[in-house]
Each structure stands twice: as structure tokens, then as C-alpha cells.
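Only one structure is covered here, and it is reproduced in the block below.
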Amino acid sequence: MGRLRIKRIGVMGGTFDPIHNGHLVTAEEAWKQFNLDQVLFVPSGSPPHKEDRKSLDPESRYLMAVIATAANPHFKVSRMEIDRPGPSYTIDTVHELHRVYGRNTEVFFITGADAILEILTWKEPEKVLREAIFIAATRPGYDLRRLEESLPESEKKRHATDPRVLVMEIPALAISSTDIRKRVKEGRAITYLVPESVAKFIEKSGFYI
Ligand code: NAP
Numbered sequence: 065m066g067r068l069r070i071k072r073i074g075v076m077g078g079t080f081d082p083i084h085n086g087h088l089v090t091a092e093e094a095w096k097q098f099n100l101d102q103v104l105f106v107p108s109g110s111p112p113h114k115e116d117r118k119s120l121d122p123e124s125r126y127l128m129a130v131i132a133t134a135a136n137p138h139f140k141v142s143r144m145e146i147d148r149p150g151p152s153y154t155i156d157t158v159h160e161l162h163r164v165y166g167r168n169t170e171v172f173f174i175t176g177a178d179a180i181l182e183i184l185t186w187k188e189p190e191k192v193l194r195e196a197i198f199i200a201a202t203r204p205g206y207d208l209r210r211l212e213e214s215l216p217e218s219e220k221k222r223h224a225t226d227p228r229v230l231v232m233e234i235p236a237l238a239i240s241s242t243d244i245r246k247r248v249k250e251g252r253a254i255t256y257l258v259p260e261s262v263a264k265f266i267e268k269s270g271f272y273i
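First residue of the sequence shown: 65, per our numbering; consecutive thereafter.
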């Protein structure tokens with residue numbers, strides 16, 4: 065009898081306010097580099113660390129993610145975090161993914177390096193690092209020492225031989241959601257920064273004005 069193959073599920077965690085081409089390039093690159101079966105985009109419901117700026121409502125951010133990923137056969141979008149009441153903790157998402165896909169699944173949590181820098185302040189950081197592999201997406205030239213210094217002590221020891229946080233440089237991450245929101249507010253174009261369908265949806269809905 066053959067051994068059961070471990071499923072490799074990539075999870076793109078983020079606020080996606082809005083989703084842009086940098087996120088799509090990141091997901092596609094992770095799919096290739098880490099030989100993933102699927103990449104699941106999981107827009108956060110209520111981001112735990114965002115009290116300073118109110119994000120666009122979860123349903124609209126979810127819809128933009130669906131529109132942006134519809135044509136890609138190995139991308140999917142999950143309502144998991146937007147339907148879960150309370151703050152969107154990554155540990156709860158990783159547990160839910162193991163419940164849905166089974167224990168025979170390796171979860172690769174892909175997100176921005178700046179978010180991972182804060183991992184010590186997340187809910188149960190050591191546990192989350194045991195249960196998922198983290199892919200920190202950065203633009204080239206990012207100071208990687210900052211990332212290593214931000215890890216829990218137990219992870220720092222293991223990092224040299226069996227890292228649970230991997231780095232992926234993505235030049236397209238020069239695109240940022242903050243810049244897109246600013247451009248829309250100033251009446252500037254966002255052509256080629258987001259998929260055309262997303263740009264039309266933003267315009268039609270009057271987001272970020
Ligand atoms: P953020 O502070 O909005 O983003 C930090 C940086 O990462 C920004 O430059 C952002 O660029 C980039 N980024 C975000 N998601 C990305 C992705 N999937 N791929 C590439 N770059 C990405 O971070 P956030 O969106 O609130 O949080 C990121 C993820 O970490 C979410 O899934 C969130 O739930 C999780 N998180 C969990 C906890 C916890 O469990 N306690 C705490 C904090 C965050 P853009 O603005 O252009 O996207």
C-alpha cells in the first residue's frame with residue numbers, strides 16, 4: 065500500500081484592502097516555489113492589530129479577492145475569517161484548516177514580512193509556528209536580521225537547521241494597498257496595479273474616495 069501523500073496548502077493571510085497584483089504574484093510564486101497543491105486566500109474579518117484605521121467592510125474585501133482570483137484554477141478564497149466572530153487570530157485559522165483538510169496537511173501561511181515581524185505579539189506564537197510554516201514575502205533588499213530577531217527564543221535556536229519561517233523576495237511587492245487607496249482618493253489611476261476587474265469594481269462601488 066502506498067504512503068498517504070501530504071497535502072500542501074498555501075494560505076494567503078491578509079487584510080486585502082484592496083487585493084492587488086503584488087499579492088497575486090506572491091501567491092503564484094509560493095505555489096511554484098513550495099510545490100503547493102492550492103493557495104487559499106483568507107481575507108481577515110477583524111484584523112487584531114488594526115485600531116488606527118478602519119478597513120473596508122469584510123464582505124467587500126472578500127468579493128474583490130474572489131474577482132481577482134476567479135480565473136486561476138489553483139487559487140481559492142475562503143470566508144473562514146470573515147464569518148468567524150471576534151478578532152481573526154491566525155492560530156484559530158490554522159486549526160480550522162487542519163479540521164477541514166485533515167491532519168495529513170502541511171499549512172504554509174504566506175503573508176507580508178512586516179506582519180511576521182510582529183509574530184511575538186500574536187496569539188500563541190510558539191504554537192502557531194509549530195503548526196504552520198510561515199512564508200514571509202518581502203520586496204528585495206529587506207533587512208532579514210530584523211525578521212530573525214523577531215522570532216521566539218525556541219524558534220531562533222531551531223532557525224539555522226529547521227526554519228519554520230522562510231523568506232520569499234517578490235519585486236512586485238513594491239505595489240501596496242496603502243498606495244492604491246491613496247491613489248484612488250487623489251483621483252489617480254490604478255491601472256496595472258490591480259486586476260482590471262477589481263479596478264472597475266472599486267470605481268463602481270466608490271471605495272476609498
Ligand atoms: P498588515 O499590517 O496590513 O500588512 C503588513 C505588510 O504585509 C504590508 O506591507 C502588507 O502590504 C503586506 N501583506 C499583508 N498580507 C500580505 C500577503 N498575503 N502577501 C504579501 N504581502 C502581504 O498585515 P495584516 O494584513 O493585518 O496581517 C497579515 C496576516 O497576519 C493576516 O492574515 C492576519 O490575520 C495575520 N495576523 C495575525 C495576528 C494574530 O494571530 N494575532 C496578528 C496580526 C496579523 P499590503 O497592505 O499591500 O497588503
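Built from N, CA and C at the ideal position, the CB exists for glycine as well.
Option in the options with minimal Cα separation from residue i
{"i": "asparagine 85", "options": "Ile197, His113, Leu100 and Ala132", "result": "Ala132"}
{"i": "isoleucine 197", "options": "Met232, Ala238 and Pro204", "result": "Met232"}
{"i": "lysine 220", "options": "Ala129, Ile183, Leu120 and Ala201", "result": "Ile183"}
{"i": "lysine 118", "options": "Thr242, Arg252 and Lys71", "result": "Thr242"}
{"i": "glycine 78", "options": "Val141, Leu68 and Leu100", "result": "Val141"}
{"i": "proline 227", "options": "Glu217, Asp101, Pro235 and Ile234", "result": "Glu217"}
{"i": "serine 124", "options": "Ala134, Ile83 and Arg222", "result": "Ile83"}
{"i": "leucine 127", "options": "Gly150, Phe80, His113 and Phe173", "result": "Phe80"}
{"i": "histidine 113", "options": "Ser240, Gly166, Gly150 and Arg194", "result": "Gly150"}
Beta-carbon proximity list for residue i, same chain, < 8 Å, skipping 5 on both sides
{"i": "isoleucine 273", "result": "Val248 and Lys249"}
{"i": "glutamate 190", "result": "Pro216, Ser218 and Glu219"}
{"i": "serine 269", "result": "Ser124"}
Cut-off 6 Å between Cβ atoms - residues of its own chain near residue i, not counting five sequence neighbours on either side
{"i": "glutamate 188", "result": "Ile155"}
{"i": "isoleucine 254", "result": "Ile244, Arg247 and Ala263"}
{"i": "arginine 203", "result": "Leu237 and Ala238"}
{"i": "alanine 91", "result": "Met76 and Val103"}
Residue i - containing alpha helix (DSSP H), residue span
{"i": "glycine 176", "result": "Counting along the chain, glycine 176 falls outside any alpha helix (DSSP H), though it belongs to the beta strand (DSSP E) covering 169 to 176."}
{"i": "phenylalanine 265", "result": "260 to 269"}
{"i": "proline 82", "result": "Looking at the DSSP string, proline 82 is not in any alpha helix (DSSP H), and its letter there is neither H nor E."}
{"i": "isoleucine 160", "result": "For clarity, residue 160 is glutamate in the given sequence; the question names isoleucine instead. Element bounds for glutamate 160: 154 to 165."}
{"i": "isoleucine 244", "result": "241 to 249"}
{"i": "lysine 221", "result": "217 to 223"}
{"i": "proline 122", "result": "122 to 133"}
{"i": "glutamate 182", "result": "Unbroken run through glutamate 182: none, as it is neither H nor E."}
{"i": "leucine 257", "result": "Leucine 257 -> no alpha helix (DSSP H), and no H or E assigned at all."}
{"i": "arginine 209", "result": "208 to 213"}
{"i": "isoleucine 146", "result": "144 to 147"}
Cβ-Cβ separation, residue j to residue i (assumed contact under 8 Å), whole Å
{"i": "isoleucine 199", "j": "alanine 129", "result": "Incorrect: roughly 18 Å between the Cβ atoms, too far for contact."}
{"i": "leucine 161", "j": "valine 75", "result": "7 Å"}
{"i": "threonine 185", "j": "alanine 201", "result": "About 19 Å; that fails the 8 Å criterion."}
{"i": "leucine 120", "j": "phenylalanine 271", "result": "6 Å"}
Check: residue i C-beta below 6 Å from any heavy atom of the ligand SAM
{"i": "serine 241", "result": "With respect to small molecules bound, the structure shown includes the ligand NAP and not the ligand SAM."}
Check whether residue i and residue j have beta carbons under 7 Å apart
{"i": "isoleucine 73", "j": "proline 107", "result": "no"}
{"i": "leucine 257", "j": "isoleucine 266", "result": "no"}
{"i": "isoleucine 70", "j": "glutamate 170", "result": "yes"}
{"i": "serine 152", "j": "leucine 181", "result": "no"}
{"i": "histidine 109", "j": "arginine 163", "result": "For the sequence presented, residue 109 should be read as glycine rather than histidine. Contact: no."}
{"i": "histidine 138", "j": "glutamine 102", "result": "yes"}
{"i": "leucine 100", "j": "asparagine 168", "result": "no"}
Contacting residues, own chain, Cβ-Cβ under 7 Å from residue i (five flanking each side not counted)
{"i": "tyrosine 206", "result": "Ala177"}
{"i": "threonine 192", "result": "According to the sequence shown, residue 192 is valine rather than threonine. Closer than 7 Å at the Cβ level, and outside the excluded window around valine 192, lie Thr154, Ile155, Val158 and Trp186."}
{"i": "methionine 144", "result": "Val106, Thr157 and Glu160"}
Enclosing beta strand (DSSP E) for residue i [first to last residue]
{"i": "lysine 191", "result": "No beta strand (DSSP E) holds lysine 191; the alpha helix (DSSP H) holding it covers 189 to 195."}
{"i": "leucine 104", "result": "102 to 107"}
{"i": "leucine 230", "result": "229 to 233"}
{"i": "phenylalanine 98", "result": "Taken as a continuous stretch (DSSP letters only), phenylalanine 98 belongs to no beta strand (DSSP E), as it is neither H nor E."}
{"i": "lysine 140", "result": "139 to 141"}
Within-7 Å CB hit, residue i to chain D
{"i": "glutamate 213", "result": "Going by chain labels, chain D is absent from the structure shown, which holds only one protein chain."}
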